[in-house]
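Note sheet for the following structure.
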Amino acid sequence: MGMFSDKKILVLGVANAKSIAWGISEALHKEGAELAFTYVNDAIEKRLRPLAEGLGSKVILPCDVASDSEIENLFVELESRWGRLDGVLHSVAFADGDDLKVRFSETSRAGFAKALDISAYSLIAVAGRARKLMEQSG
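Heads up, the sequence shown stops at 137 in numbering that gives the first Met the number 0, and the numbers go up one at a time, no gaps.
Printed below as a string of structure tokens:
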């Protein structure tokens, strides 16, 4: 029995097999965790699905963390499938491609706001909603 045996963990932010979130997911799986994964678009899903299925995950769900309704839908679906949640791995990061092509000091205000919303505020939004499923077990 591993350290995470019988634990149900939600993973957000796997973009590919080189993602930090993927390395952590593999370690959690080796320790016995059951994992659910999210993807933001079809391109990410195409890369994520075979990785997640390789770890035996049956829960691979869409979620754009910039959308409160998608976060809500994610947790409604998790509650329906699992009934509880023991942990969340938030490894979401974003920066607009146009802002990555210029000097840091030339980052647009809108681009910075979007990057902060997706990369940082989404942790608050996800944690707030996850709390309801973690009150007894997480």
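For each residue, glycine too, the CB sits at the ideal point set by N, CA and C.
Those runs of the beta strand (DSSP E) which lie wholly inside the region 33-119 and span at least 3 residues = 33-38, 58-61 and 86-89
Proximal residues to R46 (C-beta, below 6 Å), its chain only, five neighbours per side dropped | Here the question's residue 46 lines up with position 47 in the sequence shown. If we look at R46 and ignore the five residues flanking it on each side, its Cβ neighbours are N15.
Could you check what DSSP says for V10 in three-state terms: helix, strand or coil?
-> On the sequence shown, position 11 is the one that residue 10 refers to. Three-state result, V10: strand.
Does the beta-carbon of L115 have 16 or more other beta-carbons within 10 angstroms, so that it is buried, or is it exposed?
-> Your numbering for residue 115 matches position 116 in the sequence shown. Result: exposed.
For R48 and H28, the rounded distance between their alpha carbons = In the sequence shown, counting from the first residue as 1, residue 28 sits at position 29. In the sequence shown, counting from the first residue as 1, residue 48 sits at position 49. If you take the alpha carbons of H28 and R48, they lie about 15 Å apart.
Anyone know if the C-beta pair for L54 and L84 falls short of 9 Å?
-> Taking the sequence shown and counting its residues from 1, the one referred to as residue 54 is at position 55. Taking the sequence shown and counting its residues from 1, the one referred to as residue 84 is at position 85. In this structure, L84 does not lie closer than 9 Å to L54 by Cβ.
Identify, in the order they occur along the chain, each residue of the same chain with its Cβ nearer than 8 Å to the Cβ of D41, setting aside the five sequence neighbours on each side.
-> For the purposes of this step, residue 41 is taken as residue 42 along the sequence shown, with counting starting at 1. Around D41: no qualifying Cβ.
DSSP on E25, reduced to helix/strand/coil?
-> Working through the sequence shown from its first residue, we reach residue 25 at position 26. E25: helix per DSSP, three-state reduction.
Check whether the Cβ atoms of S90 and I8 sit closer than 9 Å, and answer yes or no.
-> Taking the first residue of the sequence shown as 1, we reach residue 90 at position 91. Taking the first residue of the sequence shown as 1, we reach residue 8 at position 9. No; because the gap between Cβ atoms is not below 9 Å, this pair is not in contact.
Helix, strand or coil for G127, going by three-state DSSP, please let me know.
-> On the sequence shown, residue 127 is found 128 positions in, with the first residue counted as 1. Looking at G127 - three-state DSSP - the assignment turns out to be helix.
Of the choices E76, I43 and W81, whose alpha-carbon is the least far from that of K6?
-> Along the sequence shown, read from residue 1 onward, the residue named residue 6 stands at position 7. Taking only the C-alpha atoms, the option nearest K6 is W81.
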